[in-house]
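What follows is a set of notes on a single structure, which appears directly below.
Number of protein chains: 2
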Amino acid sequence: PTEAVDLLDDIVATLALDLKVQVVMIAGNHDSGKRLAFGSRFFDRSRLHVCSAVVPGTVRLADEWGPVDFMLLPYADTETVRLELNAENPTDADATIRRRRDAWMPPGAGGNRTVALAHAFLAGGQPSESERPLSVGGTGAVATGNFEGFQYAAMGHLHRPQLIDGGRLAYSGSLMKYSFDEAGQDKGFYFVDMDGAGTLRQEFLPLRPRRDVRVVTGRFQDLMAGAAGGSPDDYLSFVLLDEAPVIQAIQRLRTLYPKTMEISYRYQQEALALAPAQRPDRSSRSALELFESFAEWSTQKPLTPSQREIMTKLLTDAVGDGGGE
Amino acid sequence: PTEAVDLLDDIVATLALDLKVQVVMIAGNHDSGKRLAFGSRFFDRSRLHVCSAVVPGTVRLADEWGPVDFMLLPYADTETVRLELNAENPTDADATIRRRRDAWMPPGAGGNRTVALAHAFLAGGQPSESERPLSVGGTGAVATGNFEGFQYAAMGHLHRPQLIDGGRLAYSGSLMKYSFDEAGQDKGFYFVDMDGAGTLRQEFLPLRPRRDVRVVTGRFQDLMAGAAGGSPDDYLSFVLLDEAPVIQAIQRLRTLYPKTMEISYRYQQEALALAPAQRPDRSSRSALELFESFAEWSTQKPLTPSQREIMTKLLTDAVGDGGGE
């Protein structure tokens, strides 16, 4: 969306131009790499370093201890890698990353510290529901060994913040929660400080969004009494503990919690988890019996004799019609 | 296509960074304005001025005679203008442009010369077939009066290069031919020199593409003997002067002219131009007569008696079957 493009434009301009901070970034699998790299020669002159190429980009920055070299390894699909590097059909994601890393040209002598920025699914990493698979077929996972020799690797792709190999490889994760599967994750980013020996000090700085994404479990009546906690403006998924469906539950919940996204029932989840043979058998009950129990549940009253008479007649007529449409 | 993005990136970087030329550009209706403007704060610092906003952008450049102010008026759809300028439903393209021009803030005093860059269909301009309409309904045309007071207006949208109001308003036109309708146009751009009094010297510099787009008229046999002229690698539309269809004409022409895009027959164009009552009436001829004339045209020989006998039998059988499938 154009609002996201505007926001990114604003953030990188504020960082690189106003605050004069060096910014190094790579394209992910949701970005149009070529578009993101448009103007990168202009950006380079003003502390913004963007890479979306198959052959990893190189940036040399410096601190009080000397130069630090960055390898920029953005997302690239296997077919593009095959074409650009003349690789004979890289067999999997790991071979593809290895091929690209080997094509990297470090910026020359003098640097003892190197940092990788890479978009990849590291073997051993914990995925979430909302990540788009990086490859069709196969796991798409790459070995951590590909980042041997780097003092630090700032990884992108997995949405869950996580440290690998004692923190030498780290995913900050997504800045926002992109599915209810991520409701329990703390979102934010790693702030990393490296000294002259390449020793890291790492701190996770949480980000608190305006609207949280939460899964809330409870009985309908309690939730309607305000038991959901947090902000009523959060994005909510309700798991209802009631033993039967509640009439118009989602519409009624939305009067209190306008951003209710979905509801489900614990008893249904449990029923679905049962093997078919364990599920209650309703096939032995007549149509009239099933209707009576539904009507009683809906109205909280049993059918009157005249109501039962009408229903009996209707059902007989329907069967008399052959049950067709 | 990403190749076009790469090419534009390369051209603006060469102009602004390598040749240190000031570049001023606006988004057209085929561009994603927001994407084109991404990073514009970075570009501005390096002589590249891009605008894709509803409120016209401003750039002040200077030459030996003092400042020259540019108004950058890119394409914007009516709905976006309505939302951003709180305009009460601009009724047409002209009102929309006027509203935007009035919102322009010139960069301050001191400038006696102003130049407009605008994407619009000027009333009186000559359109081509391949331009995408700028508005749904209406002509989309805007009055030249909107650019009153500007020493020069460099216009975009119409593909045909053309001067309006004695050259004070000018379309360079598209750099390439985008339909056979444009085959007869010379493509290129206006090189404009302005002196301290705002007097213009204008020169049209033609661009010669690697492959031309041409409409070639001739008889099939002559064309197959090489009569198409130009480069055989041009994009060609053939108008055949033959009085009857030529078997597999386009496939055979492509053996000589591989980028043959289409063929048509002059006699068919003329027949289509006739009123229905003037067209030859074939309904009075029998199926056998029609087949005989087709066979004679295809083989350059009349049917033999035995061929006619077979065909007569086939046609009788077909009619005997009721003519159905």
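So the protein sequences, as listed, match chains F and B.
Here the first sequence is numbered in my numbering, starting from 1 and rising by one per residue.
Here the second sequence is numbered in my numbering, starting from 1001 and rising by one per residue.
All residues carry an ideal CB built from backbone N, CA and C; glycine is no exception.
Only a predicted model underlies this, so the values are computations on that prediction, with no experimental measurement involved.
In chain B, what lies closer than 7 Å to residue 9/F by C-beta? 1038 and 1039
Positions along the region 38-70 of chain F whose CB lies within less than 7 Å of some CB in chain B: 38, 39, 41, 42, 43, 45, 46 and 48
query: Taking all protein chains shown into account, do 16 or more other C-beta atoms lie within 10 angstroms of the C-beta of residue 1322/B, making it buried, or fewer, making it exposed?
result: Confidence at residue 1322/B is low in this model, with a pLDDT of 43, below 50, so its placement is unreliable and the value that follows should be read with caution. Its Cβ having fewer than 16 others within 10 Å, residue 1322/B is exposed.
Considering only the beta carbon of each residue, do residue 1263/B and residue 1249/B sit closer than 7 Å?
yes
Fill in: Proximal residues, the region 71-99 of chain F versus chain B, C-beta separation under 8 Å
none
- With a Cβ-Cβ cutoff of 7 Å, do residue 1169/B and residue 1189/B count as a contact? no
Q) Helix, strand or coil: which one does DSSP assign to residue 1152/B? A) strand
Query raised in the report: Would you call the CB atoms of residue 1026/B and residue 1119/B closer than 7 Å?
Result: yes
Enumerate in chain order the residues of its own chain whose CB-to-CB distance from residue 1266/B is below 8 Å, with the five nearest sequence positions on each side excluded. 1217, 1239, 1240 and 1241
Below 7 Å CB to CB, which residues in the same chain sit around residue 287/F once its five sequence neighbours on both sides are set aside?
315
Under 8 Å (Cβ pairs) to chain F, residues found in the region 1193-1204 of chain B
none
Open item on the list: For the beta strand (DSSP E) containing residue 71/F, name the first residue and the last one.
Closed with: 66-73
Note to self: Just to make sure I have the definition right: I need the residues of chain B whose C-beta is within less than 8 Å of the C-beta of residue 34/F. Which are they?
What the structure shows: 1002, 1005 and 1006
| request: Assuming residue 1021/B contacts residue 1015/B (C-beta within less than 8 Å), just tell me the rounded distance between them. | output: 5 Å
Just checking: is the beta-carbon of residue 27/F within a distance shorter than 7 Å of some beta-carbon in chain B? no
Inset, instruction - Under 8 Å by Cβ, that's how I've got residue 141/F and residue 121/F pegged, so tell me the actual separation to the nearest angstrom. - result: 5 Å
Taking 7 Å as the CB-CB cut-off, is residue 1017/B touching chain F?
yes
Just by C-beta distance, which residues in the region 1224-1236 of chain B are closer than 9 Å to chain F? none
**Request:** Tell whether a beta-carbon distance below 7 Å holds between residue 340/F and residue 12/F.
**Result:** Since the first residue shown for chain F is 1 and the last is 325, residue 340/F is missing from the structure and cannot be characterised.
- Cβ-based neighbour list, residue 1072/B, same chain, cut-off 6 Å, excluding 5 preceding and 5 following: 1026, 1051, 1056, 1057 and 1117
| Between residue 297/F and the rest of its own chain, which residues show a CB-CB distance below 7 Å, the 5 nearest in sequence each way excluded? | 244
Check your understanding: Could you give the distance in angstroms between the alpha-carbon of residue 305/F and the alpha-carbon of residue 268/F?
Key -> 32 Å
Which partner residues does residue 1304/B have in the DSSP bridge list? Paired residues: none, contrary to the question.
Check: Alpha carbon to alpha carbon, what distance is there between residue 113/F and residue 1235/B?
Finding: 55 Å
Is there contact here, the region 90-106 of chain F with the region 26-45 of chain F, by at least three beta-carbon pairs under 8 Å?
no
Per DSSP, the bridge partner or partners of residue 171/F:
155/F and 162/F
Please report whether the beta-carbon of residue 13/F lies at a distance below 7 Å from any beta-carbon of chain B. yes
Quick one: is residue 322/F near chain B, going by C-beta distance under 7 Å?
Below a pLDDT of 50, predicted positions are generally treated as unreliable, and residue 322/F, at 43, falls in that range; the measurement from the model is reported next regardless. Not an interface residue.
request  = Pick out the complete beta strand (DSSP E) segments inside the region 15-98 of chain F, 3 residues or longer, and give them in chain order.
outcome  = 23-26, 48-51, 57-63 and 66-73
Quick one: using the 10 Å Cβ neighbour count with 16 as the cut-off for buried, is residue 1074/B buried or exposed? buried
For residue 1250/B, list the residues DSSP reports as bridge partners.
Beta-bridge pairing links residue 1250/B to no other residue.
Practice prompt. Spatial neighbours of residue 1295/B within its chain, please: CB distance less than 6 Å, with the 5 preceding and 5 following residues excluded, ordered by chain position.
Written response: 1303
- Inter-residue Cα distance where the pair is residue 61/F and residue 67/F: 6 Å
Quick check: what's the CA-CA separation for residue 223/F versus residue 194/F? 48 Å
Checklist entry - To the nearest angstrom, how far is it from the Cα of residue 230/F to the Cα of residue 214/F? => result 9 Å
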